[in-house]
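This report concerns only the one structure given below.
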Amino acid sequence: MRVLWLLEEIGVPYEIVSHQRDAKTFMAPESLKLVHPLGKSPVIEVDGQLLAESGAITELLIERFASKRLRPAPDSKEYGEYLQWIHFAESSLMVPMILEVFTRGSIKSDDVWLNRYIAREKHKLLSYLDKVVENKSFIVANKLSGADFMLSFDLILMARNKELDDYVHVKQYALQLASLDSYQRAMRLEDNYDEAVQPNMIK
Numbered sequence: 023m024r025v026l027w028l029l030e031e032i033g034v035p036y037e038i039v040s041h042q043r044d045a046k047t048f049m050a051p052e053s054l055k056l057v058h059p060l061g062k063s064p065v066i067e068v069d070g071q072l073l074a075e076s077g078a079i080t081e082l083l084i085e086r087f088a089s090k091r092l093r094p095a096p097d098s099k100e101y102g103e104y105l106q107w108i109h110f111a112e113s114s115l116m117v118p119m120i121l122e123v124f125t126r127g128s129i130k131s132d133d134v135w136l137n138r139y140i141a142r143e144k145h146k147l148l149s150y151l152d153k154v155v156e157n158k159s160f161i162v163a164n165k166l167s168g169a170d171f172m173l174s175f176d177l178i179l180m181a182r183n184k185e186l187d188d189y190v191h192v193k194q195y196a197l198q199l200a201s202l203d204s205y206q207r208a209m210r211l212e213d214n215y216d217e218a219v220q221p222n223m224i225k
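The numbering used here applies: residue 23 is where the sequence shown begins, and numbers increase by one.
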């Protein structure tokens with residue numbers, strides 16, 4: 023969803039090829055392995071080059087088509103912060119969420135330690151974010167950037183599932199992102215496709 027949203031915000035022409043995940047396991051279909059050897063999604067093709075990984079896709083699209091608008095200048099003090107949040111989304115925030123999906127889904131773990139770890143990590147990360155986004159519409163320099171696109175999936179999903187009720191500023195930040203015109207356009211487009219990026223969990 024975040025790549026689709028980014029494409030809508032940038033305004034560059036694109037074509038969608040959809041692949042539906044397994045509704046129970048959330049695993050990618052075999053058809054995706056014909057596109058990328060790892061069967062990963064999202065995958066984009068730009069000028070004949072295939073690229074996987076949401077963070078890499080986000081950075082490439084912004085560098086190619088929106089570097090002056092959706093990222094700080096490399097020599098600015100905000101650039102390091104921007105890179106930090108780009109990678110925080112996948113390397114930190116996504117980890118407890120992925121564990122939660124599998125322990126509640128296909129694995130159904132009864133491991134008390136693991137469940138406590140997930141809850142503790144989510145609380146630590148969300149408490150940190152809650153302080154960072156207080157009084158902010160966007161996380162870096164209060165301007166829309168690639169960092170917001172990367173953070174959006176996890177946070178909007180949690181907001182819709184009422185997991186952010188104890189983190190008022192994060193919830194406000196997430197729902198504000200979801201209210202943007204480009205995000206709403208992407209959501210309407212997603213309704214017309216079997217989404218390859220993730221199951222339709224955030225409607």
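Beta carbons: idealized from backbone N, C-alpha and C, even for Gly.
Beta-carbon separation (whole angstroms), residue i vs residue j, contact threshold 8 Å
{"i": "LEU199", "j": "LYS193", "result": "Incorrect: roughly 11 Å between the Cβ atoms, too far for contact."}
{"i": "MET23", "j": "ALA181", "result": "MET23 to ALA181, Cβ: 14 Å. No contact."}
{"i": "PRO51", "j": "ALA163", "result": "Contact flag wrong, Cβ pair sits at about 40 Å."}
{"i": "TRP107", "j": "LEU56", "result": "Actually they are not in contact, since the Cβ atoms of TRP107 and LEU56 sit about 34 Å apart, beyond 8 Å."}
{"i": "HIS41", "j": "LEU54", "result": "5 Å"}
{"i": "SER201", "j": "GLU31", "result": "The Cβ separation is near 13 Å, so there is no contact."}
Residues that residue i bridges to, as DSSP identifies them
{"i": "LYS165", "result": "VAL162"}
Local Cβ density within 10 Å of residue i, reported as buried at 16 or more and exposed below that
{"i": "LYS225", "result": "Caution applies to LYS225, whose pLDDT of 26 falls short of 50 and renders its modelled position unreliable; the model cannot decide the point."}
{"i": "PRO35", "result": "exposed"}
{"i": "LEU29", "result": "buried"}
{"i": "LEU92", "result": "buried"}
{"i": "TRP135", "result": "exposed"}
{"i": "SER113", "result": "exposed"}
{"i": "LEU177", "result": "buried"}
{"i": "GLU60", "result": "According to the sequence displayed, residue 60 carries Leu and not Glu. Label assigned to LEU60: exposed."}
{"i": "GLU37", "result": "exposed"}
{"i": "GLU217", "result": "The pLDDT assigned to GLU217 is 40, lower than 50, so where the model puts this residue is not dependable, and the model offers no usable value."}
{"i": "SER98", "result": "exposed"}
{"i": "GLU212", "result": "buried"}
{"i": "SER291", "result": "Missing from the structure shown is residue 291; the chain here goes from 23 to 225 and no further."}
{"i": "LYS151", "result": "The sequence as given places Leu at residue 151; Lys does not occur at that position. It is buried - the Cβ of LEU151 has at least 16 other Cβ atoms within 10 Å."}
{"i": "SER76", "result": "buried"}
{"i": "GLN206", "result": "exposed"}
{"i": "LEU72", "result": "exposed"}
The segment 141-156 touching the segment 108-125, judged by at least three CB pairs closer than 8 Å: Yes, they touch.
Say whether the segment 148-164 touches the segment 48-68, bearing in mind that this needs 3 or more beta-carbon pairs closer than 8 Å, one atom from each stretch. No, because fewer than three Cβ pairs between the segment 148-164 and the segment 48-68 fall closer than 8 Å, the two stretches do not touch.
Counting only runs that start and end within the segment 105-130, where is the alpha helix (DSSP H) found for 4 or more residues in a row? DSSP runs (the alpha helix (DSSP H)) wholly in the segment 105-130: 116-126.
Cβ contact check for the segment 163-172 and the segment 80-87: 3 or more pairs under 8 Å: By the Cβ criterion, the segment 163-172 is in contact with the segment 80-87, since at least three pairs of Cβ atoms, one from each stretch, lie closer than 8 Å.
Which ranges would you report for the alpha helix (DSSP H) in the segment 24-110 if only whole runs of at least 4 residues count? Counting only runs of at least 4 residues, the segment 24-110 fully encloses the following alpha helix (DSSP H) elements, listed from N- to C-terminal order: 24-32, 76-87, 89-92, 100-110.
Secondary structure, beta strand (DSSP E): runs of 3+ residues fully inside the segment 172-211: As far as the segment 172-211 is concerned, it has no whole beta strand (DSSP E) run of at least 3 residues.
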